[in-house]
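**Student:** Take a look at the following structure, please.
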Amino acid sequence: MVRKILAVLAGLIATSLAVMIVQQLGHYLYPLPPGTDPNDIEAIKKYVETAPFMAKFFVIISYAVGALTGGFVSTKIARDSSRAPAFIVGSIFLLISIYMMFTIPSPIWFWVLGVAAWGLVLVGYQLALKKSM
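For any residue, its number in the numbering used here is found by taking its place in the sequence shown, counting from 1, and adding 567.
Here it is, written out as structure tokens:
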């Protein structure tokens with residue numbers, strides 16, 4: 568039981584880091600307009616309305632990389648074939664993503680891909696199982 572709790576915590580940390588790194592790369596390639604405060608939610612909402620497609624798509628890429636990473640790490644640390652740790656990690660981040668999509672209005676394609684990307688947590692789970700064979 569303790570191992571599964573640690574697996575979830577490690578999966579959450581790994582997912583957070585993966586999402587952060589990919590989103591930082593996206594911000595580097597598609598920076599906010601000069602003078603935009605990244606902590607001002609209204610300024611971010613306004614930016615998202617006119618942001619280039621790839622600026623938005625980097626968020627989806629970050630979700631996908633995060634899901635794969637979280638599923639893989641949580642399964643490796645759990646050291647068993649239970650899907651629970653990977654499922655918990657994916658579920659938590661799915662809820663966070665949905666909250667963010669309500670907070671910052673997003674186009675429908677973003678919603679579809681943003682929700683679907685977290686299914687990749689199960690691909691990370693499968694990869695971890697294959698690596699242990």
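Just so it is clear, CB atoms sit at the ideal spot from N, CA and C, and this is done for glycine as well. This structure is a prediction, so every number in the text was calculated from the model and none was measured.
In three-state DSSP terms, what is Thr-603?
**Tutor:** Of the three classes helix, strand and coil, the one that applies to Thr-603 here is coil, per DSSP.
**Student:** Arg-570 lies in the alpha helix (DSSP H); which residues open and close that run?
**Tutor:** Taken as a continuous stretch (DSSP letters only), the alpha helix (DSSP H) holding Arg-570 covers 569–596.
**Student:** Which of the three DSSP states, helix, strand or coil, is assigned to Ala-631?
**Tutor:** DSSP places Ala-631 in helix when its eight states are reduced to three.
**Student:** Our contact map puts Ala-645 next to Val-688 with C-beta atoms below 8 angstroms; I'd like the distance itself, whole angstroms only.
**Tutor:** Actually they are not in contact, since the Cβ atoms of Ala-645 and Val-688 sit about 13 angstroms apart, beyond 8 angstroms.
**Student:** Report the option in Leu-662, Arg-650, Phe-624 whose CA atom is closest to the CA atom of Leu-596.
**Tutor:** Selected option, being the one with the closest Cα: Phe-624.
**Student:** Less than 7 angstroms between C-beta atoms, sequence neighbours within five positions excluded: which residues of the same chain meet that for Ala-574?
**Tutor:** Same-chain partners within the cutoff: Ser-641, Ile-644, Ala-645, Pro-652.
**Student:** Could you give the DSSP three-state label for Ile-655: helix, strand or coil?
**Tutor:** The answer is helix: DSSP assigns Ile-655 an H, G or I state.
**Student:** Can you give me the C-alpha to C-alpha distance between Leu-696 and Gly-681, rounded to a whole angstrom?
**Tutor:** Taking the straight line from one Cα to the other gives about 25 angstroms.
**Student:** Alpha carbon to alpha carbon, what distance is there between Phe-677 and Pro-619?
**Tutor:** Roughly 13 angstroms separates the two Cα atoms.
**Student:** Spatial neighbours of Met-668 within its chain, please: C-beta separation below 8 angstroms, excluding the five flanking residues on both sides.
**Tutor:** Only Phe-677, Trp-678, Gly-681 meet the Cβ criterion.
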